[in-house]
Amino acid sequence: MSAATKRLGFLLVFSVVYADIGTSIFYVSGLLWGSIGGLSTLAILLSIGVFVAIARKYVELAERCPDGGGVVSITTQAFPSVPLVALVGGSMITIDYFLTSAISSVTGVNYLKSLLGFSAGSVLGITLAIVALLMLLNIVGLKESATVSAAMAIVMLLVNLAIIAVVSIRLTLTNAWPALLDSVLHPAGVSLTAGSLLVGYADTWLAYSGLESGAQLSGAMKMPVRKTASLGMWLVIGSICFISPLMVAFSNFVLPTEVKAAGTDAFISHLASTVGGRPLMVLTVVSAALLLTMACNTAIVGNYHVNLRLVSAGFLPPIFAKRNLKFGTPHYSIAISAVVPMLVLILTLGNVEKLADLYSFGLLGTLVLDSFSIDVLRFREKKRGMLWLVGVGTTVCLAVAWFLNMYFKWHSLAFGASATLVIVGMAMSYRTGLLGKVSPLFAPAPATPLSDLQVEALAAAKPQAGRVLTVEEAVELQVLERSGVVVALRGFNDRLLKDAALLAKGAGQANVYAVYVDELPGLFFQAVDGPSAEANQVLQHATEGLAKLGVNGIPIWRISNDAAYSIADAATRLGADAVLVGTSKRSAIWNLLRGQVVKGLAEALPEKTRLLICN
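Quick look at the structure:
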């Protein structure tokens, strides 16, 4: 990854992960009440220790897999001679993402229903429409903004803290804390035995869904990755450990019995309404609906990037990574990532309880594989002290929760195992060439996972790349050819080339750097295997045009999910005095989806580098 890509500090890492995992509280409180009643608070507390341990393991996972990839990357490292393990891991996280999209989207609509009062029969239709819209936006190229996630995470955090504060004041004024504690330790209508606690402990892991997103983000974290991941994850741990048990306990204790009996799909909305009236309820519903929709979108993005990682590893046909000629997005993979959750929603009729039951296979299976892979790597590296023993204990505790869920929720096992077999079967058929006999679209094509810098380096050697250079090559050539002028190109722009040539000549320079960035939308970065046809055409036109104007054009190709930061990074490393860009031809909608390059450049360029906007 380049410096332009690795720009998420620990606060943004916390925000993105918390925006994902923190949304779980909006459906977990009601689901736990429906399955284990008043035992849910104790069960949450019982699982907190294991949650902290696996969250810290994800810090190590991020360090070991600095280019992202999560479970696919870590299992590949742990079991390099058994690629089937990585494939199973990819299958499990794919199933997890499918269910995350389904349960997040329908829960968001249920929260809107609690406020707006539309019929229960319309929930499924509205949910399907939202997922379909997210699919279309991602095909066009919806830019995953960590800043937006940060803002929404802060809003959610403040709303949760406001609810906790209001309930705490109410309990204090009514001297009800002892009664709350007694309801937690002696839940009514529940037999408090070791067996019931174990079942409750297994059920609570839905509260930690989204934890794997921390591993997917490692490819975008600031260096050093371990420090960034560690600080961000400690903030996640502190927030979840404080908020989740309290919200569950308060919901169970404060909500009237008839409200809890009426449904489990919007407990936090009812809690906010009970203790803070309509204003707090409106704030809760709006933030919940927005964040749950974002969680659905993050799952779609995460899923199609897992698909791309499996393509790179040679498990899926290249058709899954094929990019749309107009938008540059892997439209087939995006469509699959959205259509499958829509089918699951239809088959379950959008029932949150049924979706939650199906959830556990992929969620806990992924956590077990991640945890076990790190244990194997530590053992292989002879790190077999107390830390290793704690790690093994964490894996065992996760495996217990997984097996308990499989035992008591046979339909989760049936769904998860069937889906895994389908994905694994398709992958093995592809690798053995059987799918290629069905259609040339599935013909095997060897591929290896590459970072953006590796792709840029390989691109220079490809015949179709022409005179395209990487930034590293341009820096090396500065002893022979350098320039203080960078012109950022998106298309053919002869006026911009003329201004760049005049600026270079005025400074007594004979060269101009022409930079083109192939943009890949999505927060989880995935490289491709060379410059686009448009990149080659634009850079060739630029070098020929600059030559006619009497200066030498030095073409540089880059790949990034943020064009502005990639251009700024190139200008900084080349020591440019000025960066020229044309006036934006992007529509307001395009800027919303892909971001504003000029604004991003103004923020990212060094103070000494001038930004010139040419008509």
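The numbering used here runs 8 ahead of the 1-based position in the sequence shown.
Yeah, the Cβ is synthetic: ideal placement off N, Cα and C, and Gly gets one too.
N- and C-terminal bounds of the beta strand (DSSP E) containing residue i
i	result
residue 566	560-568
residue 493	493-497
Spatial neighbours of residue i in its chain, beta-carbon cut-off 8 Å, leaving aside the 5 residues before and after
i	result
residue 60	245, 249
residue 455	Confidence in residue 455 is poor, its pLDDT being 43 and thus under 50, which makes the residue's placement too unreliable to answer from.
residue 87	93, 94, 381, 384
residue 194	200
residue 205	47, 50, 51, 54
residue 600	Any reading at residue 600 must be qualified, since the residue scores a pLDDT of 40, below 50, and its modelled position is unreliable; the value itself is stated next. For residue 600, where only same-chain residues beyond five positions count, there are no Cβ hits under 8 Å.
residue 253	49, 52, 53, 56
residue 263	275, 278, 279, 282
residue 343	143, 147
residue 6	As shown, the chain starts at 9 and ends at 623. That puts residue 6 outside it, with no answer to give.
Residue(s) in a DSSP beta bridge with residue i
i	result
residue 527	568
residue 308	DSSP lists no partner for residue 308.
residue 586	493, 618
residue 16	229
residue 520	561
residue 243	DSSP, once it has assigned bridges, lists no residue as partnering residue 243.
residue 477	564
Presumed contact (8 Å Cβ cut-off) between residue i and residue j, rounded CB distance
i	j	result
residue 315	residue 328	5 Å
residue 138	residue 301	6 Å
residue 420	residue 215	Not quite, the Cβ-Cβ distance comes to about 16 Å (not below 8 Å), so this is no contact.
residue 519	residue 562	6 Å
residue 97	residue 80	6 Å
residue 104	residue 371	5 Å
residue 208	residue 29	Contact flag wrong, Cβ pair sits at about 20 Å.
residue 586	residue 618	4 Å
residue 43	residue 211	5 Å
residue 114	residue 135	5 Å
residue 379	residue 406	6 Å
residue 507	residue 622	5 Å
residue 196	residue 73	Not quite, the Cβ-Cβ distance comes to about 46 Å (not below 8 Å), so this is no contact.
residue 484	residue 560	The Cβ separation is near 16 Å, so there is no contact.
residue 504	residue 495	6 Å
residue 512	residue 491	6 Å
residue 168	residue 251	5 Å
residue 568	residue 527	7 Å
residue 476	residue 539	6 Å
Chain-order list of residues whose beta-carbon lies under 7 Å from that of residue i (same chain, five-residue window excluded)
i	result
residue 612	572, 573, 576
residue 192	49, 50, 257
residue 102	311, 314, 431
residue 356	362, 363
residue 482	521, 562, 564, 582
Neighbourhood of residue i by C-beta distance below 6 Å, restricted to the same chain and skipping five residues each side
i	result
residue 110	349, 352, 353, 363
residue 596	For residue 596, the predicted structure reports a pLDDT of 46, less than 50, and the residue's modelled location is therefore unreliable. A value from the coordinates is still provided. Answer for residue 596: no residue qualifies.
residue 524	497, 543, 546, 547, 565
residue 296	34, 119
residue 17	230
Residue span of the alpha helix (DSSP H) that contains residue i, given as start and end
i	result
residue 360	360-388
residue 514	502-514
residue 86	78-86
residue 106	91-124
residue 68	48-72
residue 410	394-416
residue 486	That residue, residue 486, is in no alpha helix (DSSP H); it is neither H nor E in DSSP.
residue 147	131-148
residue 31	Neither: residue 31 is in no alpha helix (DSSP H) and is coded neither H nor E.
residue 199	Segment: none, residue 199 is in no alpha helix (DSSP H) and carries neither H nor E.
residue 549	541-556
residue 265	265-270
residue 223	221-224
residue 218	Where residue 218 is concerned, there is no enclosing alpha helix (DSSP H), given that its DSSP letter is neither H nor E.
residue 610	605-612
residue 187	185-193
- prompt: If you pair each beta-carbon of the region 21-36 with each one of the region 233-243, do three or more pairs fall below 8 Å?
  reply: Between the region 21-36 and the region 233-243, the count of Cβ pairs shorter than 8 Å is three or higher; the stretches touch.
message: Quick test of the definition: if touching needs 3 or more C-beta pairs under 8 Å, does the region 106-122 touch the region 274-291?
response: At 8 Å Cβ cutoff, the stretches touch.
Contact between the region 386-394 and the region 418-434 (3+ Cβ pairs under 8 Å): No contact exists between the region 386-394 and the region 418-434.
query: With contact counted as at least three CB pairs below 8 Å, one residue from each stretch, are the region 68-86 and the region 259-271 in contact?
result: Result no; under three Cβ-Cβ pairs closer than 8 Å.
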